[in-house]
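Trainee:
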Amino acid sequence: MLEQHYLTTLFEPKSVAVIGASDRENSVGNIIFKNILGSGYKGRLYAINPKHETIQGQPAYKSIEEIGARVEMAVIATRPQTVPQIVEQCGRSGVRNVIVIASGFSEAGHIGAALERKVLEIARSYNVRILGPNCLGIIRPELGLNATFTRITANPGNLALVSQSGAMCSAVLDWAKANQVGFSSVISLGMTTDIDFGEILDYLIYDSRTHYILMYVEGIRNARRFMSALRSAARIKPIILLKAGRHEAGSQAATVHSGMAAVSDTVFDAAVRRAGVVRVQNVGQLFYAAKALASKFRPQGNRLAIITNGGGPGAMAADRAGDLGIPLAQMTNETMTALNKTMPPNWSHSNPIDIGGDATPERYREAIMAVTHDANVDSTLVMLSPQAMTDPMGVAKAIVEVADKLNRSLICCWMGEEQVAEARKLLEDSGIPAFRMPETAIELFHHISKYYRNQKLLLQTPEPTRQQGRPETEGAKMLIEALLAERRKVLSEMESKAILRAFKVPVAQTMVARTATEALLLAEQIGFPIAMKVDSPDLTHKSDAGGVRLNIQNAPAVRNAYHDIIDTVQKRHPTAKINGVSIEPFLSRPHGRELMIGVFRDPIFGPVISFGAGGFDVEIFSDRSVALPPLNKFLAKDLIDSTRASKILDQFHNMPPVDREALKEVLLCISEMVCELPWIQELDLNPLIVDEHGAIAADARIVIDHATGASGDRYAHMAIYPYPVHLIQEWQMNDGKVVTIRPIRPEDAD
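According to numbering that gives the first Met the number 0, the sequence shown holds residues 0 to 749 in order.
#1: Compute the Euclidean distance between the alpha carbons of Gly-309 and Gly-356, then round it to the nearest angstrom.
#2: For the structure I just gave you, are there three or more beta carbon pairs, one from the segment 263 to 280 and one from the segment 327 to 346, closer than 8 Å?
#3: Around the Cβ of Phe-750, are there at least 16 other Cβ atoms within 10 angstroms (buried) or fewer (exposed)?
#4: Verify whether the separation of the beta carbon atoms of Cys-89 and Ile-63 is less than 8 Å.
#5: Let me know if Pro-655 comes out buried or exposed under the rule of 16 or more other beta-carbons within 10 Å of its beta-carbon.
#6: Look up Met-531 in the DSSP assignment and give the residues it is bridged to.
#7: Any idea if Glu-729 is buried or exposed, counting beta-carbon neighbours within 10 angstroms, 16 or more meaning buried?
#8: Kindly list the residues whose CB is nearer than 8 Å to the CB of Ala-515, restricted to its own chain and excluding five residues on each side of it in sequence; keep chain order.
#9: On the criterion of 16 or more Cβ atoms from any shown chain inside 10 Å, does Val-665 qualify as buried, or is it exposed?
#10: Could you tell me which uninterrupted alpha helix (DSSP H) segments, each at least 4 residues in length, are contained entirely in the segment 439 to 469, listed from first to last along the chain?
#11: Report the rounded CA-to-CA distance for Pro-326 versus Gly-430, giving the unit in angstroms.
#12: Whole angstroms is fine: what's the gap from His-572's alpha carbon to Ile-582's?
#13: To the nearest whole angstrom, what separates the beta carbons of Ala-270 and Met-214, a pair I think is in contact under 8 Å?
#14: Can you have a look at Asp-712 and say buried or exposed, based on whether 16 or more other CB atoms are within 10 angstroms of its CB?
#15: Please classify Cys-668: does DSSP put it in a helix, a strand, or coil?
#16: For the candidate residues His-372, Asp-264 and Ile-719, whose alpha-carbon lies nearest to that of Leu-627?
#17: Could you please give the first and the last residue of the uninterrupted beta strand (DSSP E) stretch that includes Trp-413?
#18: If you drop the 5 nearest sequence neighbours on each side, which residues of the same chain put their C-beta closer than 8 Å to that of Met-414?
#19: What residue from Val-86, Ile-204 and Ala-243 has the CA that sits closest to Gln-163's CA?
#20: Name the two residues that bound the continuous beta strand (DSSP E) containing Gln-57.
#21: Thinking Ser-231 and Ile-204 are a contact (beta carbons under 8 Å), I'd like their distance in whole angstroms, please.
#22: CA-CA distance, Thr-265 and Leu-634?
#23: Have a look at the DSSP bridge pairing and note the partners of Gln-728.
#24: Excluding sequence positions up to five away, which residues of its chain have a Cβ less than 7 Å from the Cβ of Arg-208?
#25: Taking Ile-596 and Ile-669 to be in contact with their CB atoms under 8 Å, please state how far apart those CB atoms are, rounded to whole angstroms.
#26: Determine the DSSP secondary structure at Val-557, reduced to helix, strand or coil.
#27: By Cβ distance below 7 Å, which residues in the same chain neighbour Lys-33 in space, the five residues on each side in sequence not counted?
#28: Tell me, please, whether the segment 314 to 323 touches the segment 393 to 407 by the rule of three or more beta-carbon pairs shorter than 8 Å.
#29: Give the secondary structure of Ala-366 by DSSP, where H, G and I count as helix, E and B as strand, and everything else as coil.
#30: Distance check for Ser-124 and Gln-179, CA to CA, integer angstroms please.
#31: Hey, how far is the Cα of Phe-10 from the Cα of Arg-128?
#32: Check the C-beta distance from Leu-200 over to Leu-241 and give it rounded, since I have them as a contact under 8 Å.
#33: Identify the continuous alpha helix (DSSP H) that holds Phe-104 and give its terminal residues.
#34: Use the C-beta contact count for Ser-587: other C-beta atoms within 10 angstroms, 16 or more gives buried, fewer gives exposed.
#35: Span of the alpha helix (DSSP H) holding Tyr-752?
#36: According to DSSP, is Ile-85 part of a helix, a strand, or is it coil?
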């Protein structure tokens, strides 16, 4: 029991009052009181209803103040307009936790939002904590406490469910009941007016009844608090998360329901990856993932081998793996030789490894032993379809016998029902995940391999700036302050590159000509060939505006290009402000790959770094991956590897591989910049040209805003706080020994 935690009386109340308890069948107050009364709750239960002497055979009180004894938790099941007065009565009576069931608050418009603010103001004045409003309530099966209005009971277990949607709680409970899944806690958060995900997770971290945490999320109020709690909890207990709003229609529905701003699904996905959490797509996957995490299944990577006794099932599994980007392992020559010795001549000789419809337990064992010792294989999916000559139980027993001797994890798919159910149960009871359908097995492999990969991301604690090559931060700040004083937000290419140069980002030299004659002088100074681009704060895509000329070789071409650029842009965009034409060296890099690095400001999670294909490809292929700063080399590599563009960075079409270290350095410089300059709203490096000799930004655009730079917290604009290097100190001990005192890192616990 967590006596020390401030939410203990919410999770383990010794006394509960239901305000609005009723004898009227099917009313919310009736169901909640009946649920608590009938669920075996051992604490004191009070019915509050001013119109009745008794409720469901129990004494009824006119108000909570009439009870005369301490009540640890109150459930308010009355109309929203009555809630402020009732919360005040609870506060005067010493109640510390209140669950507000009613809807009709901020999700209902301005009047409801004002009512919600009033409730919160009263609650805070009395130190009362609010769960809800617009929530289902809370269930603690081990305590016999069901303070909800769902008719579905929850069995005791080690899963905690935390959901913003009461309807999803009911649906999950129904699914769990049918599949014999139990819970330590079920918490419906509702509007999270007061108590939110962070505080609930903080309690569940230390709750001995909870081994795994399931979450359903619709919206986030405070990204920093959410990420901090999620990262802390995921370090100790596995978290599986389901979020609504992956597409626009779902996002709008979630926003209306939760009353919160919509969260970009791409950014949210990057955030939960960084928090070490696995995200699933449906309720079934929520529980399958929890079951797999509870098993012995520990994939070392995502290269998968598939062993099957049928070509069709193997093809189905391979197709789903292809959909999810799971690479099928390329087996070594040694593995192929071993399989050729033990398999029949007509085995598939490729992955999926079809060992024949007459495969015996011994043949399965030989195939598994050969494949799982292959250095190119991270995990193995073993499939069985119940054919005439198949022994499902015999094969299952053979797998159980060898499983502990293997240095690779197994996941199984015993297709069918009646003939394989007992064998599948044997596998599950032995800690080996077993599924009915190939697609389900592949999806769960995908989620669990992502979970262990995300756990590596969780352990990264980047510093805001590196010790070597510190940026000229003050100079960049002075330039931004000067621009803001001029009421300017969109920086010119020269100004953008000046800030980038201050943070050690390699950029092409750029100068601006305001006449054709100036352009000639600058071209001679830089040296031919040159590139010429329109300089305008109003034009994001200069090429589309007709404002770019490349590989200009001589003086006459410079004069012609200058006039041509000005005339073309003025015709296409007559209202655009044109400062002149920028002159810079034409970057002739025959082996160069054009990439893009960007920064944008998410309204919930703050600055986000994006990476992908650049040049014209950025608009055509939409190849972009995103990450939350701060980054380190591990995180920069992960960001690069998550794009299709990463495949062209290696040796490609007779071109040598690029300098990946230089590319990672640019990403680290950009990460430093967005950490230290909270004024940056947008940044676009496109193209960033990378080859075997390094990386250089050919074009750049930055947008700033003074509003976000005003906070006293240096990193208030970021969802993930960088490692606090400013707190590192060196102390000299009495014996002369110097010790370093620093904030802890995740690896300190290892």
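Glycine is no exception: its CB is placed at the ideal position from the N, C-alpha and C atoms.
Mentor: With the given structure in hand:
#1: 6 Å
#2: no
#3: The structure shown has nothing for residue 750, since the chain only spans 0 to 749.
#4: yes
#5: With fewer than 16 other Cβ atoms within 10 Å, it is exposed.
#6: Arg-548 and Ile-582
#7: exposed
#8: Val-557, Arg-558, Tyr-561 and His-562
#9: buried
#10: Runs of the alpha helix (DSSP H) inside the segment 439 to 469: none found.
#11: Rounded to the nearest whole angstrom, the CA to CA distance from Pro-326 to Gly-430 is 25 Å.
#12: Taking the straight line from one Cα to the other gives about 21 Å.
#13: So it is not a contact: roughly 13 Å between Cβ atoms.
#14: exposed
#15: helix
#16: Ile-719
#17: 408 to 413
#18: Pro-312, Met-382, Leu-383, Ser-384, Pro-385, Arg-435, Met-436 and Pro-437
#19: When each option's Cα is compared against that of Gln-163, the closest is Ala-243.
#20: That run of the beta strand (DSSP E) goes 57 to 60.
#21: 7 Å
#22: 17 Å
#23: Ile-740
#24: Glu-141, Asn-157 and Ser-183
#25: That belief holds up - the Cβ atoms of Ile-596 and Ile-669 are roughly 6 Å apart, short of 8 Å.
#26: helix
#27: Once the five neighbours on either side are set aside, the close Cβ partners of Lys-33 are Gln-55.
#28: no
#29: helix
#30: Near 44 Å, if we compare the C-alpha coordinates of Ser-124 and Gln-179.
#31: 12 Å
#32: With a Cβ gap of about 15 Å, Leu-200 and Leu-241 do not count as contacting.
#33: No alpha helix (DSSP H) holds Phe-104; DSSP gives it neither H nor E.
#34: exposed
#35: The shown model of the chain, from 0 to 749, leaves out residue 752, and the question about it has no answer.
#36: Here Ile-85 sits in helix by DSSP.
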